[in-house]
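With the numbering used here applied, the sequence shown closes on residue 358, and no number is skipped along the way.
Down below is the structure, laid out as structure tokens.
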Amino acid sequence: MFEFAWPWVFLLAPLPWLLRTWLPAADSGEAALKISFLAELEGLSGRRARVRLPTLRQQAPFALVWLLLLLACARPQWLGEPLPLPASGRDLLLAVDVSGSMDYADMTWEDQEVSRLTLVKHLLGDFIDGRQGDRVGLILFGSRAYLQSPLTFDRQTVHTWLDEAQKNIAGPQTAIGDAIGLAVKRLRERPAQSRVLVLVTDGANNGGEIEPLTAARLAAEEGITIYPIGIGADPEQGGVLGMLGFNPGIELDEPSLRAIAEATGGEYFRARDSEELQAIEATLDRLEPVAQKPTLARPTLPLYPWPLGLALLLSLLPAGQTLWPTLQPRWRNPLTRRQGKQP
């Protein structure tokens, strides 16, 4: 179906003629003979002097260019048949801890030791790619929580933002409550029973302004389901740093994470290695989507380049005649026409 996106633009069609009527004539720069007895000449001749205006034939190219420009500005477009967008109904936010402890290398990926954040990028990246039909968003939190990507169907962009996340980018501490609070703010306007938050952290709440359990109660009131994932090896599996008396794994506050899950009707998961994290991903895949109203979109083909290009071509003709008058047709030059009659 053909239509104009901005049909009101055609109301500007008489604008050049109105400006010509209201504005004073511009000085052409040509020499002119000024006489003080013009009124007497008009009385003797019985005719009134008038300004010689361009003929309709001379105005036609400019009028056509103006109308073509209006046609392009009105945004002509061809609308296709409505097509349904894939939408399963889930609005899923991922809140990923990027504090300094997430750089601790106590995880394994393809027989290589990797940091916790690197493993999260690998497995949650695949999890994001598999969310066809879901709106997915990303929150990165440390000392503060930041919305890295709003809820969107563009899963590739969310995956890219996750891959580019760096440790301490949001501060060295862990503000779990702030991350939940930001998720509540973003999910509360979405349809009920479709709001999901996956919270990935390796530590206890030691920053921010909101207590995690308080934020969890707010989330429960808004119908948001939270699935906390505690990541990190057990203290006895901490490697060299664990033998020296330091292991970030002991900082994980599992009781609080379980309380957050219970308060919102979710489930707490513990990921000690890549196999467990993959199993968690499979469990989250089995979440039942909630049906929403189908979203329809009509493919749009813009047509404005055609009148715009034609207006450009037509505007080149008078410009060329002004810049290169010798290119005008020979029949328009009276001297050339007389010379052609000479034997």
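Cβ atoms here follow ideal geometry from the backbone N, Cα and C, with glycine treated the same way.
All of these numbers come straight from a predicted model, not from anything done at the bench.
Top-ranked residue by Cα proximity to residue i, from the options
i	options	result
R159	G192, Q171 and D149	G192
P97	L155, P165, P314 and P322	P314
T167	I239, F156, R150 and G157	R150
F19	K200, L71 and P91	P91
D141	L155, A120, P165 and T175	T175
E224	P206, L79, F156 and I143	F156
G238	L299, R170, P322 and P206	P206
R287	L267, P317, S271 and G281	L267
P317	W93, R72 and L109	W93
S209	A312, G148 and L56	G148
G95	P333, L311, L328 and W321	L311
G324	P39, R62 and W81	W81
E269	L299, D300 and L228	L228
L109	L162, A231 and W37	L162
W124	E291, S164, L328 and A278	E291
D118	T298, D217, G58 and W23	D217
Whether residue i touches residue j by CB criterion (8 Å)
i	j	result
L212	I241	yes
N221	T189	yes
S368	L138	As shown, the chain starts at 16 and ends at 358. That puts residue 368 outside it, with no answer to give.
L233	G186	no
A219	V113	no
V111	V215	yes
G152	R203	no
R146	R170	yes
D126	A248	no
W21	A87	no
L85	L134	no
I275	P243	yes
N183	G280	no
K2	L107	With the chain covering only 16 through 358, there is no way to say anything about residue 2.
L56	P322	no
A278	A235	yes
Where residue i falls: helix, strand or coil (DSSP)
i	result
R35	helix
T229	helix
T189	coil
L311	strand
A89	coil
G245	strand
R287	coil
R203	coil
I275	helix
I295	helix
P317	strand
I360	Only positions 16 to 358 of the chain appear in this structure, which leaves residue 360 out of reach.
A210	Contrary to the premise, residue 210 reads as Arg rather than Ala in this sequence. If DSSP states are grouped into helix, strand and coil, R210 belongs with the strands.
E18	strand
V305	The predicted position of V305 is uncertain, since its pLDDT is 46 and thus under 50; a value taken from the coordinates is nonetheless stated next. Reduced to three states, the DSSP call for V305 is coil.
G61	coil
Proximity test, residue i beta-carbon vs the ligand SAH heavy atom, cut-off 7 Å
i	result
E179	Among the ligands in the structure shown, none appear at all, so the ligand SAH cannot be discussed.
Note to self: Give the list of continuous beta strand (DSSP E) stretches no shorter than 3 residues that lie fully inside the segment 91 to 177.
What the structure shows: 91 to 94, 98 to 100, 106 to 112, 122 to 124, 127 to 129, 150 to 156 and 160 to 167
Check: Does the count of Cβ pairs from the segment 17 to 33 and the segment 74 to 93 closer than 8 Å reach three?
Finding: yes
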